[in-house]
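Working notes, structure below.
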Amino acid sequence: MRKILGVFLLAAVAFSLVAFAAEEPLIMGTTDRVTQLSFANSYDHFSWHVLRNTTRALMKVDENLNLVPDVAESYEISPDGMVYTFHIRPNLKFWDGTVCDAAAVKWALDRTIRLDGPEGGVGLIKGVIDHIDVVDPLTVKITLTRPDAIFLLRMSDRIAPALIYAGAPENDFANGKYVGLGPYKLVEYKPDQYVKYEAYDGYYGPAPKSKLVIEKMYSDAAALRAAIEAGDVDFVFRTLSPQDIKDLEKDPNVVVKYFPPSPGIRYILFNVTQPPVDDPLVRQAICYAVDRDAIADQVFSGTVDPIYTMVPKVDPPFFGAIDVFPHRDLAKAKALLKKAGYDENHPLKLNLWYTPKHYGTTEADVAAVLKGSLEETGVIQINIQSLEWGAYTERMSQGGFDMFLLGWHPDYLETSNFLAPWTVEAPEGLGTFFNHHPNYQAYKDILEVATTTVDVKKRAKLYEAVQILSAQDVPWIPLWAMTDEMVLAMRPNVKGAFLNVTMDIYLWDIYKE
Amino acid sequence: MGGIARYITQRLFLTIPMLLILLTVVFLILRVMPGDPVAAMLGGRNVSQQLMDEYRHKMGVDKPIPLQYIDYLNGIIHGNFGKSFRTSQPVVTELFTRFPATLELAFFGMLFAFIFGFWTGVLAATRADTPIDHTIRIFHIGSFAMPLFWFGLMLQVIFAVKLHWFPVASRVGGRIAFSFHSVTGFYLLDAFLSGDPKIILDIAKHLVLPSITLGFAQAGLLGRMTRASMLEVLDADYITTARAKGLSERVVILSHALRNALIPIITVFGLQFAILMGGAVLTETVFSWPGVASFLVRSIEARDWPAIQGSIVFIAIFISAINLIVDVCYSVIDPRVRY
Amino acid sequence: MDIPRKFLFVRLLDWLVRRLTRGRHALRHQTILKIGLAIVFIFILVTVLAQYSWFTPYDPVKYRDAPRLEGPSVHHWMGTDQLKRDVFSRVLAGGKASIVVAFGAVALSMTIGSILGWTSGFFGGILDRSLSLTMDAIYSFPSMILAITLVAMFGAGIGPMIWAVGFVYIPTYFRVTRAEALQVRETTYVEAVRAIGAGNLRIIVRHVAPNTINAIMAVSSFNLADAILTVAALSFLGFGLPPPAPDWGFDIQNGQKFLQSGSWWLITFPGLMIIALSLGFGLIGEGISDLVNPKRKRKRV
Chain A
0 MRKILGVFLL
10 AAVAFSLVAF
20 AAEEPLIMGT
30 TDRVTQLSFA
40 NSYDHFSWHV
50 LRNTTRALMK
60 VDENLNLVPD
70 VAESYEISPD
80 GMVYTFHIRP
90 NLKFWDGTVC
100 DAAAVKWALD
110 RTIRLDGPEG
120 GVGLIKGVID
130 HIDVVDPLTV
140 KITLTRPDAI
150 FLLRMSDRIA
160 PALIYAGAPE
170 NDFANGKYVG
180 LGPYKLVEYK
190 PDQYVKYEAY
200 DGYYGPAPKS
210 KLVIEKMYSD
220 AAALRAAIEA
230 GDVDFVFRTL
240 SPQDIKDLEK
250 DPNVVVKYFP
260 PSPGIRYILF
270 NVTQPPVDDP
280 LVRQAICYAV
290 DRDAIADQVF
300 SGTVDPIYTM
310 VPKVDPPFFG
320 AIDVFPHRDL
330 AKAKALLKKA
340 GYDENHPLKL
350 NLWYTPKHYG
360 TTEADVAAVL
370 KGSLEETGVI
380 QINIQSLEWG
390 AYTERMSQGG
400 FDMFLLGWHP
410 DYLETSNFLA
420 PWTVEAPEGL
430 GTFFNHHPNY
440 QAYKDILEVA
450 TTTVDVKKRA
460 KLYEAVQILS
470 AQDVPWIPLW
480 AMTDEMVLAM
490 RPNVKGAFLN
500 VTMDIYLWDI
510 YKE
Chain B
0 MGGIARYITQ
10 RLFLTIPMLL
20 ILLTVVFLIL
30 RVMPGDPVAA
40 MLGGRNVSQQ
50 LMDEYRHKMG
60 VDKPIPLQYI
70 DYLNGIIHGN
80 FGKSFRTSQP
90 VVTELFTRFP
100 ATLELAFFGM
110 LFAFIFGFWT
120 GVLAATRADT
130 PIDHTIRIFH
140 IGSFAMPLFW
150 FGLMLQVIFA
160 VKLHWFPVAS
170 RVGGRIAFSF
180 HSVTGFYLLD
190 AFLSGDPKII
200 LDIAKHLVLP
210 SITLGFAQAG
220 LLGRMTRASM
230 LEVLDADYIT
240 TARAKGLSER
250 VVILSHALRN
260 ALIPIITVFG
270 LQFAILMGGA
280 VLTETVFSWP
290 GVASFLVRSI
300 EARDWPAIQG
310 SIVFIAIFIS
320 AINLIVDVCY
330 SVIDPRVRY
Chain C
0 MDIPRKFLFV
10 RLLDWLVRRL
20 TRGRHALRHQ
30 TILKIGLAIV
40 FIFILVTVLA
50 QYSWFTPYDP
60 VKYRDAPRLE
70 GPSVHHWMGT
80 DQLKRDVFSR
90 VLAGGKASIV
100 VAFGAVALSM
110 TIGSILGWTS
120 GFFGGILDRS
130 LSLTMDAIYS
140 FPSMILAITL
150 VAMFGAGIGP
160 MIWAVGFVYI
170 PTYFRVTRAE
180 ALQVRETTYV
190 EAVRAIGAGN
200 LRIIVRHVAP
210 NTINAIMAVS
220 SFNLADAILT
230 VAALSFLGFG
240 LPPPAPDWGF
250 DIQNGQKFLQ
260 SGSWWLITFP
270 GLMIIALSLG
280 FGLIGEGISD
290 LVNPKRKRKR
300 V
């Protein structure tokens with residue numbers, strides 16, 4: 000009897016295995032979270048990633064980093080650069096069968112701009128768009144408020160507020176209640192658990208290579224690593240710990256691929272109004288004392304790259320990057336501190352703030368190593384302090400930090416996005432209070448001219464000038480580029496997965512053999 | 000029966016003021032929280048003062064404290080805890096989708112604690128003052144001294160990382176997630192409903208290590224109490240009588256002694272549950288278990304004010320309900336408490 | 000298992016407990032209590048000494064003087080961590096937060112809880128009823144969740160942790176002292192004292208409080224054991240001391256990252272320290288309970 004039961008069970012298992020093989024999904028693991036599936040009220044990597052997989056924008060940045068029409072078939076720009084006319088692809092349909100025409104495009108963009116959630120990135124498109132007109136069912140005309148060198152980039156799929164959708168509630172954030180026209184349909188989203196996709200058969204582009212995809216969210220890097228090791232997931236995207244990456248490289252069942260360089264950067268910021276770091280000599284001294292190599296080696300096992308300017312060295316799309324910050328020189332640091340009035344008997348006492356989880360599991364170690372490297376001068380004493388992310392940003396925007404760690408991923412792929420935010424765009428929100436700095440006006444003037452200059456060479460020169468100035472004023476100290484984020488770990492049968500400076504995968508290109 | 004009804008009514012009337020006090024304490028604690036929830040929510044973005052005020056008004060935190068208190072109680076009565084900043088879902092929805100996970104974990108943790116606790120307790124009592132008894136007693140005391148999260152990590156190292164017997168973390172395997180549809184939220188139940196042995200095995204495997212972790216300290220406590228209670232009962236006259244009647248030792252212990260020893264143990268059950276909820280915070284964190292407790296921790300990290308408040312209120316109500324139920328059960332088993 | 004008599008500290012405590020328990024043959028047969036006291040004493044001593052750099056084999060916070068993530072060896076008895084620090088040195092020094100917070104929190108809750116309990120039990124009436132209800136409400140709430148929430152409100156660090164953990168234990172002392180005070184209030188002795196014209200404060204201080212000392216002592220030992228675990232849990236969740244300060248709970252959190260790389264030594268040793276210290280307090284509690292309540296020791300013949 001027992002034997003028969005056993006055979007029966009085995010048969011059942013075998014049958015279910017066969018049933019599975021028929022629609023085996025592609026499974027991605029991540030430690031990221033969706034904040035909100037809303038075009039108007041989300042501003043983070045993973046939420047935008049999900050939105051991008053499920054719907055498309057007028058333009059797109061393709062796999063080779065070319066900016067090409069997508070929902071639009073073609074476009075024209077008026078000679079004065081104030082009017083953009085997009086010709087929509089014919090016969091476009093959202094998942095629910097609704098037609099996507101010029102009116103639908105206008106509706107989606109207008110709605111996003113009107114709702115402009117406090118947690119969203121609508122500001123990236125809002126200020127430049129004056130109004131949108133439907134010329135005919137397949138032609139939409141966007142009039143700008145001012146000429147904008149990067150308007151087409153703003154209208155691309157990199158910027159979630161530019162994505163085209165339908166079916167969202169009129170006066171509330173979408174919260175996942177929308178229909179798209181992208182390669183994938185959003186089947187199910189369970190907060191903190193997973194996102195399920197199914198290929199949308201009405202997609203106008205090439206059909207996605209995997210029909211079913213699950214993106215599973217793990218609580219931490221350790222769980223993520225265990226999942227790829229056990230084969231619970233097919234590939235992993237954001238973010239393994241450096242140690243785990245090194246270990247996985249030795250695992251024959253896992254392929255680890257690096258896609259450097261990274262446009263993500265980490266840096267120290269100063270509140271330039273807070274003593275003792277209101278003294279430029281002090282900031283310069285710290286600049287000479289920080290040990291980027293120690294961080295890269297000790298904390299990240301060499302998986303990140305030290306940097307000496309804020310602008311990523313990825314050209315295109317970021318041009319004009321020049322190394323302006325000095326390499327480590329303890330003697331210079333001491334000399335500068337002496338000039339500022341500090342020595343062994345009158346040490347410089349400073350806080351170093353960090354946030355423990357927002358930037359992965361390594362942040363406490365980074366703070367510890369930074370403390371060590373600064374204290375090697377013998378003149379600096381560091382008091383490490385931490386706050387969870389919510390409280391951290393709050394205190395930062397109130398000017399409550401003197402020296403603190405932060406990170407940056409580009410909102411749009413252009414150099415000014417690595418120079419303007421902390422100096423002229425949101426100096427208080429980002430905690431530098433640079434608007435109180437004596438040279439504030441100079442930065443403002445240069446950057447204003449730069450962003451309206453269409454000539455790339457001239458623009459690059461202006462950006463270089465800002466970088467040179469920044470090495471004198473030191474509102475920030477660039478530390479390292481997050482090359483460790485440009486890593487994918489996958490099972491050997493996974494093909495087509497890669498990363499470029501957009502920092503996102505092209506999900507529809509990935510498949511299992 | 001009239002006695003029971005009266006007791007329940009009495010107990011209910013006692014529960015309401017206690018819950019109200021607890022809710023007030025929660026309110027006071029959360030309102031002295033340093034920092035501005037609106038600023039935290041807008042998180043470092045450059046937002047105009049006008050927009051800040053607008054949101055402050057929308058969230059009702061610009062009102063005087065007494066009015067906020069009334070709003071707060073009103074919200075609780077109507078089951079409206081606001082929307083989570085972090086997930087933008089109503090907090091109640093978030094809690095109810097996560098609650099089954101916590102309850103499932105708590106149930107199996109308790110189950111482990113009962114089985115293991117009773118077994119070791121009875122074993123120690125029947126072999127009092129032998130080396131077995133001493134070993135078990137040391138183990139019982141030791142189990143309180145064990146940091147729960149550390150125990151969980153050790154189980155992970157040994158049984159998941161080294162031996163690969165069980166998965167390291169989470170509720171369901173990545174491969175199963177797509178074909179598995181949860182109806183009730185209790186995954187093991189859902190797995191049985193699906194009837195697929197592969198799913199049942201997967202879900203069950205995910206439950207083992209977290210349940211043992213959560214139940215371990217409880218097992219020690221229950222074991223200790225069982226031992227003490229059994230020792231007392233084993234001396235009683237009716238046990239001697241039972242033995243004299245020639246009943247086998249097994250029958251005597253299981254049917255006579257254990258049943259009577261159970262009574263005092265059930266009293267602490269309500270309190271145990273509170274401790275269990277505390278343990279769930281750590282267990283859920285270590286095993287990435289998507290429950291209410293880990294939701295609270297994540298909300299605290301994100302300063303997600305409505306979610307923090309909602310989770311705590313939810314837990315408070317839940318604990319009060321459990322206490323009420325336990326008290327009523329106890330009054331049924333042992334009528335003396337009613338008077 | 001007998002602890003050598005030569006431990007001065009144990010003798011001192013022996014004397015103290017004897018005084019406190021009014022001349023019962025205090026430590027004569029209390030092996031459990033003695034082991035507990037010895038453990039706690041050693042831990043406190045080591046933790047205090049380890050705050051000085053000459054005591055630990057290496058600097059617990061300094062990096063760069065050893066191989067990275069190396070298992071236990073002759074040079075590094077408990078291995079090294081990812082920043083090349085000596086785990087043994089960190090383990091020795093890592094009890095500071097646990098011990099300070101545990102004692103601080105218990106002292107805080109003991110003071111507030113007892114005072115509330117005495118007054119509440121002694122005066123009775125509406126004050127007693129409302130206080131009791133409030134305390135019951137707080138008591139019924141999961142203490143770990145309450146502690147986490149409080150510490151998240153107050154911010155990380157030793158001071159906030161003392162307040163958070165202390166707050167959680169207040170009802171425990173309240174319940175114990177109130178019950179005793181209720182009993183004492185009814186005794187003819189107190190009535191007599193009152194008849195002579197002694198004030199309420201005097202009666203509480205001179206007659207109510209001393210009667211509750213035994214119960215308070217037993218409860219606080221168990222509370223200390225529990226506090227050690229709570230502090231460890233708070234540190235584990237990242238609400239403890241800021242790095243790079245050595246701390247058991249935080250070091251376990253740190254070790255968790257390297258668990259799957261096979262670096263078992265990072266979490267094992269700090270965990271064992273927590274167990275040992277908590278066990279030490281637990282044993283003292285057991286011992287005192289046996290002393291105070293000899294019935295518990297009754298053996299079945």
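Line by line, the protein sequences are chains A, B and C. The opening position of the first sequence corresponds to residue 0 in numbering that gives the first Met the number 0, with each subsequent residue numbered one higher. The opening position of the second sequence corresponds to residue 0 in numbering that gives the first Met the number 0, with each subsequent residue numbered one higher. The opening position of the third sequence corresponds to residue 0 in numbering that gives the first Met the number 0, with each subsequent residue numbered one higher. Beta carbons are placed, not taken as given, at the ideal position from N, Cα and C, and that holds for glycine.
For C/Thr187, there is no enclosing beta strand (DSSP E); the residue is part of the alpha helix (DSSP H) that begins and ends at Thr187 to Ile195. Remark: C-beta atoms of A/Val104 and A/Ala488 do not approach each other more closely than 7 Å. Under the 7 Å criterion on CB atoms, C/Phe153 is classed as non-interfacial with respect to chain A. Put simply, the CB of A/Ser209 is far from chain B, with every gap to its CB atoms at 7 Å or more.
Residue burial is scored here from C-beta neighbours: B/Asp303 has at least 16 other C-beta atoms within 10 angstroms and is therefore classed as buried. Taking C-beta atoms as the reference points, A/Glu387 and B/Glu53 fail to come closer than 7 Å. DSSP places A/Glu362 in no beta strand (DSSP E) but in the uninterrupted alpha helix (DSSP H) bounded by Glu362 to Glu374. Flagged as an interface residue toward chain C: B/Ala273, by a C-beta distance shorter than 7 Å. When only Cα atoms are considered, A/Arg88 and A/Asp147 end up about 25 Å apart. For the region 121 to 148 of chain C, the residues whose beta carbon sits under 9 Å from a beta carbon of chain B are, in order, Ser129, Leu132, Thr133, Asp135, Ala136, Ile137, Tyr138, Ser139, Phe140, Pro141, Ser142, Met143, Ile144, Leu145, Ala146, Ile147 and Thr148.
Straight-line spacing of the CA atoms in B/Ile114 and B/Val90 works out to 35 Å.
Within the model, the alpha-carbon separation for A/Ile445 versus A/Lys457 is close to 11 Å.
Sequence-distant Cβ neighbours of A/Tyr341 in its own chain, meaning closer than 6 Å and more than five residues away, are Leu347 and Val378. Secondary structure of A/Pro477 (DSSP, three-state): strand.
Put simply, of C/Ile202, C/Val175 and C/Arg177 the residue whose alpha carbon is nearest the alpha carbon of C/Tyr188 is C/Ile202. For C/Phe221, no chain A residue has a C-beta closer than 7 Å to its own C-beta; the minimum C-beta separation is roughly 31 Å. Here the alpha carbon of A/Trp352 sits roughly 14 Å from the alpha carbon of A/Leu373. In this structure, A/Ala284 and A/Ala366 do not form a Cβ contact; the two beta carbons are roughly 19 Å apart against a cut-off of 8 Å. Counting only runs that start and end inside the region 219 to 250 of chain A, the alpha helix (DSSP H) elements of at least 4 residues fall at 220 to 229 and 241 to 248. Cβ neighbours of A/Val453 within its own chain (closer than 7 Å, five residues either side excluded): Ala148. Close to chain C, meaning a Cβ-Cβ distance shorter than 9 Å, are the following residues of the region 370 to 390 of chain A: Lys370, Gly371, Asn382, Ile383, Gln384, Ser385, Leu386, Glu387 and Ala390. Within the region 162 to 177 of chain A, the residues whose Cβ lies closer than 7 Å to some Cβ of chain B are Phe172 and Asn174, listed in chain order.
B/Gly172 reaches chain A at Asp231, counting residues in chain order whose Cβ is nearer than 8 Å.
Between A/Val60 and A/Glu72, the alpha-carbon positions lie close to 14 Å from each other. Non-local beta-carbon contacts of C/Phe221 in its own chain, meaning distances under 8 Å to residues more than five positions away in sequence, involve Phe280, Gly281 and Gly284 in chain order. The DSSP assignment places complete alpha helix (DSSP H) segments of no fewer than 4 residues inside the region 144 to 170 of chain A at 150 to 153, in order along the chain.
If you keep only unbroken alpha helix (DSSP H) runs of at least 4 residues inside the region 76 to 145 of chain B, you get 90 to 125 and 130 to 144. Taking a beta-carbon distance threshold of 7 Å, A/Ser415 does not count as an interface residue toward chain C.
Here A/Leu25 carries a strand assignment [DSSP, helix/strand/coil].
Counting the other Cβ atoms within 10 Å of the Cβ of B/Gly222 gives 16 or more, which makes it buried.
A/Phe403 has A/Leu268 and A/Trp352 as its beta-bridge partners, per DSSP.
Measuring C-alpha to C-alpha distances from B/Ile321 to each of B/Leu66, B/Phe106, B/Thr92 and B/Leu27 identifies B/Phe106 as the nearest.
By DSSP's assignment, A/Phe85 forms a beta bridge with A/Tyr74 and A/Val139.
In its chain, beyond the 5 residues on either side, Arg51, Arg55, Ala56, Met58, Lys59, Val60, Asp69 and Leu162 have a beta carbon closer than 8 Å to the beta carbon of A/Asp156.
As the crow flies, the alpha-carbon of C/Ser288 is around 27 Å from that of B/Met109. Put simply, the CB of A/Asp147 is far from chain C, with every gap to its CB atoms at 7 Å or more.
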